[in-house]
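Numbering (full-length UniProt numbering), first residue to last: 1 to 303.
Glycine included, every Cβ here is placed at the ideal spot set by N, Cα and C.
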């Protein structure tokens, strides 16, 4: 990977890690389902009129929108609204890697490698430690809702894999169409017209800043760069950079919101990320080359 693309991969990790703080800020003045409806309306419009529909069956696009967008973020926003810390949410959401391996094995018949099985076991143990540490200081419900968000994301991953849907900008935009109407319906049902009216009437700079960050930087810029990198390089070259998202999320929440994880949460988080790394990161071996009989000119690294 070139130095420029390596920096872009780090940028994506920073954008996605800080996204949890942006969501937290927005939720201070806007209820979760209404906030999510606004976000995905702006992700879809007006780009849906300019971006071609993804080359995939409609049912696959709808399924990905239902689970990867509506399910994942609906549950994530709800969890954070009822008390899930932003930094811990960034960490727990990575349980989607473990769930994806397990669901793909059960539904698609994909046999997990020994390394993936070991990584999933370690990651599950880390998640259990995080849950135990979180339960010492707060109700367990927000964490369980976040685990549900990770599960929904994993189901979306498996749908995309089964349909062989390329994860491009068109998929991000078109699958976003699934989200606004159900979220508005849930907002009317659970948050009520009065709360909706109050939130819209007091939609201030913090809410707009949070919305623009999640729409432009996290969704459109982040996924556009990430998808280009995945199309240009082996997954083993890109995935390690994405493992920076949870540490960035924890650090950003610590710096911006004063969230300090407990010792058990730290330990569980480290164990969980080790498991995710074992399951996803492939170390490529360089092929041995015979020693040259005469001095050779070594090309410079690409920049």
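With a cutoff of 7 Å on beta-carbon distance, residue 30 and residue 256 are scored as not near each other.
Scanning its chain for C-beta atoms nearer than 7 Å, with the 5 sequence neighbours on each side dropped, one finds around residue 35 the residues 26, 27, 77, in chain order. Between residue 74 and residue 275, the gap from beta carbon to beta carbon reaches 7 Å or more. With a cut-off of 8 Å on Cβ pairs, the segment 45-58 is not in contact with the segment 236-243, counting fewer than three such pairs. Residue state for residue 238 is assigned as helix, using DSSP reduced to three classes. For residue 265, the enclosing alpha helix (DSSP H) has its first and last residue at 263-280.
Of the other Cβ atoms in all chains shown, fewer than 16 fall within 10 Å of the Cβ of residue 140; this residue is therefore exposed. Within the same chain, 33 come within 7 Å of residue 190 by CB-CB distance, once the 5 residues on both sides are set aside. For residue 32, the enclosing alpha helix (DSSP H) stretches over residues 32-44.
The continuous alpha helix (DSSP H) containing residue 121 extends over residues 114-137.
Of the candidates 98, 126, 108, 130, the residue whose Cα lies closest to the Cα of residue 115 is 98. Its chain contains 222, 225, 226 as the residues whose beta carbon lies nearer than 6 Å to that of residue 12, once the 5 sequence neighbours on both sides are disregarded; these appear in chain order. With contacts defined as CB atoms closer than 7 Å, residue 156 and residue 23 fail to qualify as a contacting pair. If you ignore the 5 residues before and after residue 88, its C-beta comes within less than 6 Å of no other C-beta in its own chain.
Taking a C-beta distance under 7 Å as the contact criterion, residue 217 and residue 15 qualify as a contact pair. Excluding residues up to 5 positions away in sequence, 87 lie with their Cβ nearer than 6 Å to the Cβ of residue 250 in the same chain. Cβ neighbours of residue 186 within its own chain (closer than 8 Å, five residues either side excluded): 33, 74.
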